[in-house]
Each structure stands twice: as structure tokens, then as C-alpha cells.
Amino acid sequence: MTVLDGLIIQEAIKLGYKKYNFNDQIVTAAKNIADRYNVEPKHRDLVTKFSLHLFDQLKPLHHLGKRERLLLQVAAIVHDVGSYIDPHQHYLHSDYILQATELMGLTDTEKRMVALISRYHSAQTPSKDIRHFGHLQVEQRLLVSKLSAILRIADALDDGRKQKMIKFRFNSQSTGHHYLLCS
Numbered sequence: 001m002t003v004l005d006g007l008i009i010q011e012a013i014k015l016g017y018k019k020y021n022f023n024d025q026i027v028t029a030a031k032n033i034a035d036r037y038n039v040e041p042k043h044r045d046l047v048t049k050f051s052l053h054l055f056d057q058l059k060p061l062h063h064l065g066k067r068e069r070l071l072l073q074v075a076a077i078v079h080d081v082g083s084y085i086d087p088h089q090h091y092l093h094s095d096y097i098l099q100a101t102e103l104m105g106l107t108d109t110e111k112r113m114v115a116l117i118s119r120y121h122s123a124q125t126p127s128k129d130i131r132h133f134g135h136l137q138v139e140q141r142l143l144v145s146k147l148s149a150i151l152r153i154a155d156a157l158d159d160g161r162k163q164k165m166i167k168f169r170f171n172s173q174s175t176g177h178h179y180l181l182c183s
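Counting from 1, position 114 in the sequence shown corresponds to residue 114 in the UniProt record's numbering; the numbering is continuous, with no gaps.
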């Protein structure tokens, strides 16, 4: 798609002629960023798959929508970009790399949330690192916390980066919530 195509589509949307879903382009742009920083494709794809599966299975609990699912998907794709600089503290580097990178189709606030979700997928937690939340509204902070928790679980399921776990199922029972894992 060229710039001219984008401008024509944007004008058509404004005038009500066409509704356009940019999600595929946003996901492609995120994959291009991950590729630029040599994120391992098999791990990236499996973590993304697990993240989205968890999101969908937990929908009765979190009540989040399609846009939030897209933010999780983008964060799952790019969560390891900081490994390009330092594999041990990659989550810190992922944060500032993503803040400095153009994420097509996302607002500045959404881009900041994706960077924070990527930051908190690993060692740090939002509750202990509140200074990075300063400009976000309470609802956005809660969203970052929820999505980073989902990403953290999905990433842990492929912690060895060997793709040994290929599927799992969430089962809610009267005694509580359980994850039934199958490899």
C-alpha cells in the first residue's frame, strides 16, 4: 500500500464510504519490527498464539474487547526486541526501543501501553514500577497490568524456547480456575 492509497482510504473512511480494518497492517508492521531486531520467529509466533488463546479463554473474566486483543497481539510479537541489545534485561530495552519506534496504526498512548506490556512481561511488575505509569489513566494502567500478566504466562509456557508445549486449555470449575496443559 502506498501513501496515496492510505490517503484515499483515510478520506473514504472520513466520508463514510468505506470502513477499513488496519489490524492486518498493524500486525505486519509489528512483525517487521520484530524481524529488524532478530526476534526468534518460532518463539514469537508461539507466544503470540498462546497470548491470544489465553485472552480469548479468559474473556468472561476480563471483559476486554478487540482493540485490547490487538494491543496484546502486537506486544506479544515485539516483546523480545530488547534481546537485540541485552538478553538478560531485554524487557528494559524493549520498552525504550518500542517507545522510539513507529508502530503504524496505534495512537501514542497505545504505543506506550504496548511498550509497557513488553517491559512487564518479564522480571518487573507494574505495581513495583509505578513511575512509568505516570501519564496513563487508571483504566489504561489496569489494562497494561492485565495484558502483561497474560503475556507473562504465555512467554513462560515457552521459557526454554524449544516449543515443547503446543496446546493448552483453560478450564473454569466451581472450585476455582485451572489450566490444563497438554504438550
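C-beta: ideal position from N, C-alpha, C; glycine also.
query, result
"Pick helix, strand or coil for Q73, following the three-state DSSP scheme.", "helix"
"Secondary structure at H53, three-state DSSP: helix, strand or coil?", "helix"
"On the DSSP letters alone, give me the boundaries of the alpha helix (DSSP H) that S148 sits inside.", "138-156"
"For H62, which of helix, strand or coil comes out of DSSP?", "helix"
"Compare the C-alpha of D108 against each of L71, I150, Q25 and name the closest.", "L71"
"Shortest alpha-carbon distance to V81 belongs to which of N32, M113, G105, R67?", "N32"
"Between which residues of its own chain and I150 is the CB-CB distance below 8 Å, once the five residues before and five after are set aside?", "S51, L54, F55, L58, L72"
"Using a 10 Å radius around the Cβ and a threshold of 16 neighbouring Cβ atoms, would you call E110 buried or exposed?", "buried"
"Here's the rule I'm using: 16 or more other beta-carbon atoms within 10 Å means buried, otherwise exposed. How should I8 be labelled?", "exposed"
"So what does DSSP say about N21, is it helix, strand or coil?", "coil"
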